[in-house]
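Colleague: Mind having a look at this structure? Questions to follow.
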Amino acid sequence: MEQRLLPTLLSLLLLLTIVFVFALPNAVASDSLSGAPLLALGDNLIVNGDGEGGAGSTDCSGPVPVPGWTTTGNVRVCRYGAGFDYPRPDDPGPAARGQNFFAGGPFDEKSSATQVINAASLAGDIDRGVWYHLSAWLGGFADQNDSAVVRVTFKNAQGVGLSSVALGPVLDTDRNDQTSLLYRERAGSVPAGARSIEVVMEMTRDEGNSNDGYLDNLSLVLGGAPPTGVNLLLNGDAEAGQGDAACENVLAVPNWTLTGRVRVCNYGAGEDYPRANDPGPASRGRNFFAGGPDDVKSTATQVIDLGAFASAIDSGLGYALSGWLGGFDGQEDNAALKLVFKDRAGITLGSVSIGPVTSSDREGATGFVYREVKGTAPRNARTAEAVLEMTRTEGVSNDGYADNLSFTLGESGEGSLTIVNGASYVAPIAAGSWAAIFGASLAAATVSAPSIPLPNQLGDVTVSMNGKPSPLLFVSPAQINAQVPWDVLPSGSTAGPAAVSVMRGGSVVAQGTVQVAPASPGIFALQAGDKLLAVSVNADGSLTQAAGAVPGMACRAARAGDTIILYANALGAVSPAAQSGNNSMDALRMTTSVPQVLIGGRAATVAFSGLSPQFVGVNQLNVVVPAGVAASSYAPVQIVAGGITSSDRVTIALTN
Numbered sequence: 029m030e031q032r033l034l035p036t037l038l039s040l041l042l043l044l045t046i047v048f049v050f051a052l053p054n055a056v057a058s059d060s061l062s063g064a065p066l067l068a069l070g071d072n073l074i075v076n077g078d079g080e081g082g083a084g085s086t087d088c089s090g091p092v093p094v095p096g097w098t099t100t101g102n103v104r105v106c107r108y109g110a111g112f113d114y115p116r117p118d119d120p121g122p123a124a125r126g127q128n129f130f131a132g133g134p135f136d137e138k139s140s141a142t143q144v145i146n147a148a149s150l151a152g153d154i155d156r157g158v159w160y161h162l163s164a165w166l167g168g169f170a171d172q173n174d175s176a177v178v179r180v181t182f183k184n185a186q187g188v189g190l191s192s193v194a195l196g197p198v199l200d201t202d203r204n205d206q207t208s209l210l211y212r213e214r215a216g217s218v219p220a221g222a223r224s225i226e227v228v229m230e231m232t233r234d235e236g237n238s239n240d241g242y243l244d245n246l247s248l249v250l251g252g253a254p255p256t257g258v259n260l261l262l263n264g265d266a267e268a269g270q271g272d273a274a275c276e277n278v279l280a281v282p283n284w285t286l287t288g289r290v291r292v293c294n295y296g297a298g299e300d301y302p303r304a305n306d307p308g309p310a311s312r313g314r315n316f317f318a319g320g321p322d323d324v325k326s327t328a329t330q331v332i333d334l335g336a337f338a339s340a341i342d343s344g345l346g347y348a349l350s351g352w353l354g355g356f357d358g359q360e361d362n363a364a365l366k367l368v369f370k371d372r373a374g375i376t377l378g379s380v381s382i383g384p385v386t387s388s389d390r391e392g393a394t395g396f397v398y399r400e401v402k403g404t405a406p407r408n409a410r411t412a413e414a415v416l417e418m419t420r421t422e423g424v425s426n427d428g429y430a431d432n433l434s435f436t437l438g439e440s441g442e443g444s445l446t447i448v449n450g451a452s453y454v455a456p457i458a459a460g461s462w463a464a465i466f467g468a469s470l471a472a473a474t475v476s477a478p479s480i481p482l483p484n485q486l487g488d489v490t491v492s493m494n495g496k497p498s499p500l501l502f503v504s505p506a507q508i509n510a511q512v513p514w515d516v517l518p519s520g521s522t523a524g525p526a527a528v529s530v531m532r533g534g535s536v537v538a539q540g541t542v543q544v545a546p547a548s549p550g551i552f553a554l555q556a557g558d559k560l561l562a563v564s565v566n567a568d569g570s571l572t573q574a575a576g577a578v579p580g581m582a583c584r585a586a587r588a589g590d591t592i593i594l595y596a597n598a599l600g601a602v603s604p605a606a607q608s609g610n611n612s613m614d615a616l617r618m619t620t621s622v623p624q625v626l627i628g629g630r631a632a633t634v635a636f637s638g639l640s641p642q643f644v645g646v647n648q649l650n651v652v653v654p655a656g657v658a659a660s661s662y663a664p665v666q667i668v669a670g671g672i673t674s675s676d677r678v679t680i681a682l683t684n
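So this note's numbering is basically just the index in the sequence shown, starting at one, shifted up by 28.
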């Protein structure tokens, strides 16, 4: 069988090892709001957020001025220790409290106070990308459920809301039925185009005559030192909406986009559901997530904007993804949380996940088990898509459960790694394939392998996976491309975890863990704007792309019946066995299982599936373009292997 190879493919593959840094735009929007105050990054933008701007009521009954705020209802500014029913100076609350706090006031079921911050003077910073950090102390009285919420809405120059975030409520269960105020915070990206910020504190009465929703020390900071350790997942604890007392109804789930019958349920909703004293988070609120009735799969998704953290991410910023995941009794219904990092064009750069938790993990008990993974955010990551997926394995109800989900960014990514497939940039990886390893301070300089066989050391950098040395193609301070050793798993195993260590001068500088699968197909591709162009070769050596699609390379669209060569990654075991770090010039090595290839959604004939002779660890597929596929400059091409389907965003060009 003739196997035509592109002479410059190695150059193209080396291009794929480079992480390109896209500069943020420097345009500064004009100030469309007259008389904008000069605000400063790093300062608290909320006026009188601590209630100290005026005198507080000594008995919390009479109205007093509330400077900086427009109030509705009987909002009060009260002195700590105003009476038996109110917080005292020594009750749990802010250590740096002044004399006063905010309260809902007598009789009103709802009371609120609003202020609008004119942010036009920060337009340039906002449009280049800046984060916010919102915090407050929220509370209530004894075992009552009177509560308070802070809502912040970012608006454009026309007053149209661009995004919003909320803190609270803090309920009696959160406070252990004690009169107190608890700290809450959020952080995220200020949307480009924001020119004003509306801040609303809302107090709600649940029982009694007085509205005992309490607040103090409200703060909203833009820019300054990056907030670390703040949960960027909104409503990760399911407390932002109303939980169902019977776990039967599908209710609104703020901040999440749902598929299927995802529910938010109260603890103790019934004997088939987790109770407040079942294994799970110590700081649980009233609610948890559940998969819902009937659905085999239910998901909840939200997208986190990371644009304001761009500089820190591109310098190597660590993250932690965590949550409590569980299920019912001895059943294997389960939940998993996946985080997908993407660049500005929506191209996936890497992904990590926690879960699922099995019945064995839970020791057959209804409840939750804590799971956490840490790593380094891939350079150029500008969004993170969080997907909570609950799976039913038996019974009628989808009893995959989750609570207290969290995604935080840290001060530094040093010491932690993110490991993904070197072609698809998602996990898992496969033995013999290429892995992209992201971290911080991984190498002193950028070094590429000079020849084949590939070395196990470049500069002073070495990589091991499950204790086995990994051949290296490329090392740099933020990224390493390494071959997964063919013997990464114990003899007889086809799947399992791999502990990855990066060493400099013999000392470990970073570690991480990744799942190894029998196969994890990905197609090598070149990024052109928001397109991923497959490294695919026609019979004449040209790329299977539209003319001019890749500058300096001959490109030609393929026709039905043409045989093209796709270069791919992680298609699994081969025969005869291969040696780590070496190419296959000595023997023709074919994959032990032939994958399926889809072009434009149609199955294509695979004439050959194996290792490319010249390139270490690179799979080659000789594929016949099927009839009936429409002409397109961007026809999707996918590989199905080991139960995994590669991305439909990788494309080739087809003509009639």
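Where is the CB? At the ideal position from N, CA and C, for every residue including glycine.
1. Of all the beta strand (DSSP E) runs that stay within the bounds of the region 620 to 653, which reach a length of 3 or more residues?
2. Is it a yes or a no for the region 370 to 383 touching the region 445 to 464, going by three-plus beta-carbon pairs under 8 angstroms?
3. Taking Lys183 and Ala222 to be in contact with their CB atoms under 8 angstroms, please state how far apart those CB atoms are, rounded to whole angstroms.
4. Let me confirm a value: Asn237 is counted as buried when at least 16 other C-beta atoms fall within 10 Å, else exposed. Which label applies?
5. For Lys183, which of helix, strand or coil comes out of DSSP?
6. May I have the straight-line CA-CA distance separating Gly257 from Leu190, to the nearest angstrom?
7. By the 10 Å Cβ neighbour count, where 16 or more other Cβ atoms means buried, how is Ser311 classified, buried or exposed?
8. State yes or no: is the beta carbon of Met493 nearer than 9 angstroms to at least one beta carbon in chain D?
9. Going by DSSP, what residue range makes up the beta strand (DSSP E) through Ala556?
10. If you draw a straight line from the C-alpha of Gly216 to the C-alpha of Ala477, how long is it?
11. For Ser343 and Ala473, what's the separation of their Cα atoms in angstroms?
12. Distance check for Gly335 and Thr436, CA to CA, integer angstroms please.
13. If we call anything under 9 angstroms between Cβ atoms a contact, is Leu594 one with Ile672?
14. Count the other CB atoms, across all protein chains shown, that sit within 10 Å of the CB of Met229; report buried if there are 16 or more and exposed otherwise.
15. Pull up the distance between the alpha-carbon of Arg214 and that of Val193, whole angstroms please.
16. My output table needs one value for Arg677: the three-state DSSP class, helix, strand or coil.
17. For Asn432, is the classification buried or exposed, using 16 other Cβ atoms within 10 angstroms of its Cβ as the cut-off for buried?
18. Straight-line CA distance for Asn362 to Ala455?
19. Say whether the region 126 to 144 touches the region 93 to 108, bearing in mind that this needs 3 or more beta-carbon pairs closer than 8 angstroms, one atom from each stretch.
20. From this set, Gly423, Leu345 and Gly428, which residue's C-alpha is nearest Lys402's C-alpha?
21. As an exercise, report each continuous beta strand (DSSP E) stretch of at least 3 residues that is fully enclosed by the region 526 to 580, in chain order.
22. Tell me, to the nearest whole angstrom, how far the beta carbon of Asn102 is from that of Gly133; I am working on the premise that it is less than 8 angstroms.
23. Can you tell me which residues form a DSSP beta bridge with Ala464?
24. Could you tell me whether the region 593 to 608 touches the region 629 to 641, using the rule of 3 or more Cβ pairs below 8 angstroms?
25. Could you check which residue in Gly534, Gly383, Ser529 and Ala598 has the C-alpha nearest to that of Ser461?
26. Kindly indicate which residue of Met418, Asp205 and Val625 has the alpha-carbon position closest to the one of Leu319.
27. For Thr181 and Ala147, I'd like the C-alpha separation in whole angstroms.
28. Please list the terminal residues of the continuous alpha helix (DSSP H) segment that includes Asp153.
29. Whose C-alpha, out of Leu250, Gln543, Asp240 and Ala176, is nearest the C-alpha of Arg212?
30. Under a Cβ-count criterion, where at least 16 other Cβ atoms within 10 Å of its own Cβ denotes burial, should Met493 be classed as buried or exposed?
31. Between the region 72 to 86 and the region 237 to 246, do three or more beta carbon pairs fall short of 8 angstroms?
32. Sorted by chain position, which residues of the same chain lie with C-beta nearer than 8 angstroms to Gln6's C-beta, five sequence neighbours on each side aside?
33. Just reading off the alpha helix (DSSP H) that Ile382 is part of, what are its end residues?
34. If you scan the region 170 to 235 from start to end, which runs of the beta strand (DSSP E) of 3 or more residues do you find wholly inside it?
35. Is the beta carbon of Ser564 within less than 8 angstroms of some heavy atom of the ligand FAD?
36. Decide if Gly557 is buried, meaning its Cβ has at least 16 other Cβ atoms within 10 Å, or exposed.
Modeller: Short version:
1. Listed in chain order, the beta strand (DSSP E) runs fully inside the region 620 to 653 are 624 to 627, 630 to 639 and 647 to 652, counting runs of at least 3 residues.
2. Yes, the region 370 to 383 touches the region 445 to 464.
3. Rounded, the Cβ-Cβ distance is 7 angstroms, consistent with contact.
4. Its Cβ having fewer than 16 others within 10 Å, Asn237 is exposed.
5. Strand, per DSSP.
6. Gly257 and Leu190 have their C-alpha atoms spaced approximately 25 angstroms apart.
7. So Ser311 ends up on the exposed side.
8. In summary, chain D is missing from the structure at hand, where a single protein chain is found.
9. Start and end: Ala553 to Ala556.
10. Put simply, the backbone Cα of Gly216 is about 40 angstroms away from that of Ala477.
11. Distance between the alpha carbons of Ser343 and Ala473: 14 angstroms.
12. Cα to Cα, Thr436 sits roughly 15 angstroms from Gly335.
13. Cβ distance not < 9 angstroms, so Leu594 and Ile672 don't count as in contact.
14. Buried, by the Cβ-count rule.
15. Cα-Cα distance, rounded: 8 angstroms.
16. In this structure, DSSP gives Arg677 a state outside helix and strand, which the three-state scheme calls coil.
17. Label assigned to Asn432: buried.
18. Annotation: Asn362 to Ala455 spans about 20 angstroms, alpha carbon to alpha carbon.
19. With a cut-off of 8 angstroms on Cβ pairs, the region 126 to 144 is in contact with the region 93 to 108, counting three or more such pairs.
20. Considering only alpha carbons, the answer is Leu345.
21. Here the runs fully enclosed are 535 to 545, 553 to 556 and 559 to 562.
22. By a beta-carbon distance limit of 8 angstroms, Asn102 contacts Gly133. Their separation comes to about 3 angstroms.
23. Val448 and Asn509, per the DSSP bridge assignment.
24. Enough Cβ pairs lie closer than 8 angstroms, so yes.
25. With distances taken between Cα atoms, Ser461 lies closest to Ala598.
26. Sequence inspection shows Gly at residue 319; the Leu mentioned does not correspond to that position. For Gly319, the closest of Met418, Asp205 and Val625 by C-alpha to C-alpha distance is Met418.
27. Straight-line Cα distance between these residues: approximately 12 angstroms.
28. Residues Ala151 to Arg156.
29. Taking Arg212 as reference, the option from Leu250, Gln543, Asp240 and Ala176 with the minimal CA-CA separation is Ala176.
30. With 16 or more other Cβ atoms from the protein chains shown falling within 10 Å of its own Cβ, Met493 counts as buried.
31. The region 72 to 86 is in contact with the region 237 to 246.
32. In this structure the chain extends from 29 to 684, so residue 6 is not present and cannot be described.
33. Looking at the DSSP string, Ile382 is not in any alpha helix (DSSP H); the run it does join, the beta strand (DSSP E), is Thr376 to Ile382.
34. If we require 3 residues or more, the beta strand (DSSP E) runs fully inside the region 170 to 235 come out as 175 to 183, 189 to 195, 208 to 217 and 224 to 232.
35. Ligands displayed in this structure: none; no statement on the ligand FAD is therefore possible.
36. Label assigned to Gly557: exposed.
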